[in-house]
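Residue numbers for the sequence shown follow UniProt numbering, so the first one is 1 and each next one is one higher. Here a beta-carbon is modelled for each residue, glycine too, at the ideal position from N, C-alpha and C. What follows is a short report on a single structure.
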Amino acid sequence: SHYQRAAAATRDKRSELQRRLASVTNELAARYMNDAQQIYLKYVEEPDPKDPKAKLLLKQFTTMSRRSLECLDEASAIFQQVNDAPNLALLYCNKGRYMRFKAHCSQGDFNAEKRSLYNQAEDLYLTALKILGPRESR
């Protein structure tokens, strides 16, 4: 019937709009991560971490990092919902990059927290590979 065709077209459009939303959200996540990186570089140049300027930079860094992760999670959920494997794999790679970024920005020597972040990054990269499946020889 016409109603079924209209409903099917609406579903297709909805999926496409959701994919676009997820792509934009992924771009925002990358932007927030890059902004956080730049803020962090300014923060580590501050001579006194207790200085108000340094505290403000750290707060901005934390906010941008959190927004990046929120966007990555939101985009991942949408790509899972619309069953978009290639973009979901990309999101897992971006989440892996985020974990490496977070490990790099965590203070101190290589410790259990950093090891955990790098392990999480590796797991995310492996998940991305599994989503994509074996590469077919040509």
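*asked:* Taking the straight line between their C-alpha atoms, what separation do you get for Y32 and D123?
replied: 23 Å
*asked:* Give me, in chain order, the residues of the same chain whose beta-carbon lies closer than 6 Å to that of C71; leave out the 5 immediate sequence neighbours on both sides.
replied: T25, L28, A29
*From the DSSP output, in three-state form, read off E74 for me.*
helix
*Note down the Cα distance separating L126 from A22, rounded to an integer number of angstroms.*
Going from the Cα of L126 to the Cα of A22 covers about 21 Å.
*Reduced DSSP category for F110 - H, G, I as helix; E, B as strand; rest coil*: coil
_For a quick check, are the C-beta atoms of Y92 and A128 less than 9 Å apart?_
Contact flag set, yes.
*Rounded to whole angstroms, how far is the Cβ of A121 from the Cβ of R135, which I believe are closer than 8 Å?*
About 22 Å separates the CB atoms of A121 and R135; that is not less than 8 Å, and the two are not in contact.
*Selected residue, minimal CA-CA separation from residue 151, among V44, Y118, N83, N87*: The structure shown does not extend to residue 151, since the chain is modelled only from 1 through 138, so no value can be given for it.
*Which value, in whole angstroms, describes the spacing of the CA atoms of K42 and K53?*
Their Cα atoms are separated by approximately 10 Å.
*Three-state secondary structure (DSSP) of G133*: In the three-state reduction of the DSSP assignment, G133 falls in the coil class, being assigned neither a helical nor a strand state.
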